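Quick notes on the structure that follows.
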Amino acid sequence: MKYLIFFYFFVLSLLMRFPFFFKDVIDWDESTFILLGQSVLDGYLPYTDLLDVKPPLLSVVFALFIFALGKSIVAVRLAGAICVALVAWFTYIVGQKIWNYKTGLLAGTWFVFIISFILSGQATMSEHLALVPMMGAIVLIAKSKLTPGRLFWVGFLITVASMIRLNLAYVVLIVGFVTTLNIPFQGQSFSWFVKKVALRGLAYATGSLVVVSLTFLPYLLTGQFSIWWQNVVVLSLNYANSQLSWLRAMQFHFDTILFTIFEKGNGLMLAKPFGIAFISLLVWLGGLLGLGIVAVRSRKKISVWQRRDTIALVVFFASTGLSIVRGGAAFPHYLIQLVPFAALFAAAGFTLVFEKARNWQIAIALFLSIAIAIQPILPEYRQFQLRAMAGNPLRHGPAYEIADYLKQANRDRKPVYMAIDHIVYWLVEQKPLTNLIHPSNISRNYVLEVTIAPGTTTEIELARLLAQKPEFIVTLENIWYLENKNIAKALFEETLRNDYRLVKEIQGRQIYQRR
């Protein structure tokens, strides 16, 4: 039965995500992850060839996707759909263990919907990947005796998640602290309690340290430990300290949720499209209400297991939220990390209020949810149908067209500089001119100073890139990440004007060739 449930979530995930498999770029972070994964497949350790402000296991996971499913964006998106189905399945198991199968089924279903609606959620993002081991850890905790062996694997899995999505390091610490101390010791001596805590803490910490050790051991053995330290620790701290305050980050995410549900400027009207607004209302506000309902019901007589697991779920929810606002930056897709918990509490509240609902009534609720949620996706299916009926390639987007052009115009495979759509490097199988593969990294001095050399600025790095005399430069008319870099922007524009000529325009992208 449980595998049939997974199949249901996999089909649902495909239904919600399939039309987006063929678009070139949904979020350019995904393009970065693909390039990092390819670098690992080419035989390089993370950070020794190409790099970005990302933890090491993210590159490894994308390498596995490409190796197992093939070198295409469609394959990477399929891998993302599988991850979504796995997280939904784990969400179902957690809901079923703590409450009942109805809660789990609703929560898993709503999870699939919401992350397909969040901006960039249709791509394969680090959040999708990190949730797999994190929800796996919660499955191990739910309704089970937390033996040292089990705590080892809980620590192991949560740390794997943090090595895919580094902000989750907060979750590693907070969950470890709470699960270690959460021991009933009525009638036991204090020394017994201390020994028990020490044993549990050691087991959890060992699992965590095994993962961390596995990530830096290859660098240690090859005399490159400083590379690991600089990129995993120093650069990540620089990133967090150079971004938004936690209050501004919290405000951003609150506004993101609010204006997904309600019209901006008219808080009494649901936003459009209706399907996204309704499901978002159901999960986000329903999650808060459900948390309140669960808290009230917890005062009544419930099992020790249920009370403990509910507290654990709240700790995961709160610590993940804290990790998001303390991570520095704020983008809508960060909210993906909270969706399983919001969906679980929303579903728990729903099933507790309607606890006498029969199976057929829950089935109707599921069917209505699917019918409403699929509405915003239907235009994408219509576009897919039109492309197929016209005999046009299913893949689409400027990156594909740029790659096709460069394959013809650059047969000698001379250097190319992509100031936008850097996935083209992968599509034409050429190396970037810089190991800082995300185009906007050139505007981030805190990244340049750690990865290149102290004192490196945008102007210095851009001058170094242009000095390599790339045969082609692909850019937009206005590069937003250079807007506040006047000297660098002037250098870039002057170089294009004096040394290059515009040879092609593709969907707003300008391709320049060296004179």
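The opening residue of the sequence shown carries number 35 in this note's numbering; numbering runs sequentially from there.
In this text, a Cβ means the ideal position worked out from N, Cα and C, and glycines have one as well.
Note that the structure is a prediction, hence the values are computed from the model and not measured.
Glu-505 sits in coil when the DSSP states are folded into three classes, being neither helix nor strand. Using a 10 angstroms sphere on the CB of Lys-523, the tally of other CB atoms reaches 16 or more, which defines it as buried.
For Tyr-451, the enclosing beta strand (DSSP E) has its first and last residue at 450 to 452. Looking at the DSSP output, Ile-545 sits in a beta bridge with Val-508, Lys-538.
Beyond the five residues adjoining it in sequence on each side, Val-45 comes within less than 6 Å, by CB distance, of no other residue in the same chain. Shown here, His-456 sits in coil according to DSSP, grouped into three states, outside any helix or strand. For Trp-262, the CB contacts under 6 Å within the same chain, skipping 5 residues up- and downstream, are Phe-250, Tyr-253 in chain order.
Judged by beta-carbon spacing, Ile-198 lies within the 8 Å limit of Ser-160, meaning their Cβ atoms are closer than that value.
Counting every other CB atom within 10 Å of its CB across the protein chains shown gives Asp-455 a total of 16 or more, marking it as buried.
A distance below 8 Å separates the beta carbons of Ala-381 and Gly-129.
Taken through DSSP and simplified to helix, strand or coil, Glu-389 comes out as coil. Close CB contacts of Leu-500 within its chain, under the 6 Å cut and outside five residues either way in sequence, are with Thr-529 (chain order). A straight line joining the alpha-carbon of Thr-468 with that of Ala-453 spans about 11 Å. A straight line joining the alpha-carbon of Leu-525 with that of Ala-497 spans about 8 Å. Taking the Cα positions, Pro-366 is about 9 Å away from Ile-291. In the structure shown, the three-state DSSP call for Lys-57 is strand.
The continuous alpha helix (DSSP H) containing Glu-64 extends over residues 62 to 75. For Arg-331, the enclosing alpha helix (DSSP H) stretches over residues 320 to 332.
The continuous alpha helix (DSSP H) containing His-162 extends over residues 160 to 175. Separation of Gln-340 and Asp-83 (C-alpha to C-alpha, rounded to the nearest whole angstrom) is 48 Å.
The C-alpha of Ile-192 lies about 6 Å from the C-alpha of Val-206. Ranked by how close their Cα comes to the Cα of Pro-473, the residues Glu-389, Leu-278, Asp-86 have Asp-86 in first place.
Following the DSSP letters along the chain, one finds Leu-98 inside the alpha helix (DSSP H) bounded by residues 90 to 103. Per DSSP, reduced to three states, the secondary structure at His-367 is helical.
Annotated as distal: Phe-147 and Ile-398, with beta-carbon spacing of 8 Å or more.
Judged by DSSP in its simplified three-state form, Glu-297 adopts strand. For Lys-538 against Tyr-439, the beta-carbon gap comes to about 6 Å, under 8 Å, which counts as contact. Here His-287 carries a helix assignment [DSSP, helix/strand/coil]. If you look at Val-348, you'll find it in the alpha helix (DSSP H) that goes 338 to 360. Around the beta carbon of Leu-412, fewer than 16 other beta carbons lie within 10 angstroms, which makes this residue exposed.
Per the Cβ contact rule, the segment 333 to 351 is not in contact with the segment 276 to 289 (fewer than 3 Cβ pairs under 8 Å). When the Cα atoms are used, Arg-282 and Arg-535 turn out to be separated by approximately 43 Å. Looking at the backbone, the Cα of Trp-62 and that of Trp-318 are separated by about 27 Å. The straight-line gap separating the alpha-carbon atoms of Asn-134 and Leu-369 is approximately 26 Å. Taking all protein chains shown into account, Gly-183 has fewer than 16 neighbouring C-beta atoms within 10 Å of its C-beta and is therefore exposed.
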